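Engineer: This structure is in structure tokens; I'll ask about it shortly.
Numbering (this note's numbering), first residue to last: 599 to 863.
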């Protein structure tokens, strides 16, 4: 009995390794150095609190004089996010097939597809927005391209991982019967992965809504342009109206996305 109780006792912390000590010290140094570089002081905190209170005082009540223009810009943001997400999700499927070990035709294509996905994920969507603004000019188009590229990086990774988890029984049966690759993908692979693909795409859409707002700050269209203009002109009451509309859009998309995922799963 005593032996059984002793066996059920949780393991104690072991002695930290040299690598653990090095990583811990490095983390502490990064935090200390970062706080020092931020020049964060009590005086700055009090000064910032005062400015925040000033912003709040000037922001209420919200100004709805330009509500029509703001709503049009908000709808444009929604369009940018939806089009970019759908385009990115659809383009992610063939890339994910190459990036999954059980469906890629060759090891070199697997490595290339994985590297491509990692490259797209490594660059923030704001940087993509700046690149496409330089390439094709201001407006919604660079925002759509930036969202598309960002979604390919997001969905491409999770799509490929889901493909690798699929039961290979039906796939092998179709291969043995001589079915073409299109038949294998549409007949065995997509039915098994569609719920997961849909849920991942909905998560990407939620992220794209927020990204589309930020992309507007660099000239990629949408409500972000309106928000930047209001803040620069110190029209805080108008800026608050825009912020509230952004909040409502994000909440609406999140609730709709959660409802759709619950129905699928």
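C-beta atoms are modelled at their ideal positions from N, C-alpha and C, and glycine is treated no differently.
This one's a predicted model, so the numbers in the text were calculated from it and none came from an experiment.
Straight-line CA distance for residue 829 to residue 815?
Structural biologist: 11 Å
Engineer: Put residue 637 into one of helix, strand or coil per three-state DSSP.
Structural biologist: coil
Engineer: Does residue 748 pass the burial test, meaning 16 or more other C-beta atoms within 10 Å, or should it be called exposed?
Structural biologist: buried
Engineer: Quick one: measure Cβ to Cβ for residue 711 and residue 697, integer angstroms, because I've assumed they're closer than 8 Å.
Structural biologist: 4 Å
Engineer: Start and end of the alpha helix (DSSP H) containing residue 702?
Structural biologist: Premise fails: residue 702 is in no alpha helix (DSSP H) and is neither H nor E.
Engineer: To which residues of the same chain is residue 800 closer than 7 Å at the C-beta, ignoring the five residues directly before and after it?
Structural biologist: 855, 858, 859
Engineer: Which residue spans inside the segment 692-759 form an unbroken alpha helix (DSSP H) run of at least 4?
Structural biologist: 705-720, 723-734
Engineer: Whose C-alpha, out of 784, 691, 771, is nearest the C-alpha of residue 750?
Structural biologist: Measuring from the Cα of residue 750, the nearest candidate turns out to be 691.
Engineer: Beta-carbon separation of residue 872 and residue 681 under 7 Å?
Structural biologist: Any property of residue 872 remains undetermined from this structure, which presents the chain solely from 599 to 863.
Engineer: Pull up the distance between the alpha-carbon of residue 657 and that of residue 837, whole angstroms please.
Structural biologist: 7 Å
Engineer: Would DSSP call residue 795 helix, strand or coil?
Structural biologist: helix
Engineer: If you draw a straight line from the C-alpha of residue 839 to the C-alpha of residue 649, how long is it?
Structural biologist: 19 Å
Engineer: Using three-state DSSP, classify residue 663 as helix, strand or coil.
Structural biologist: coil
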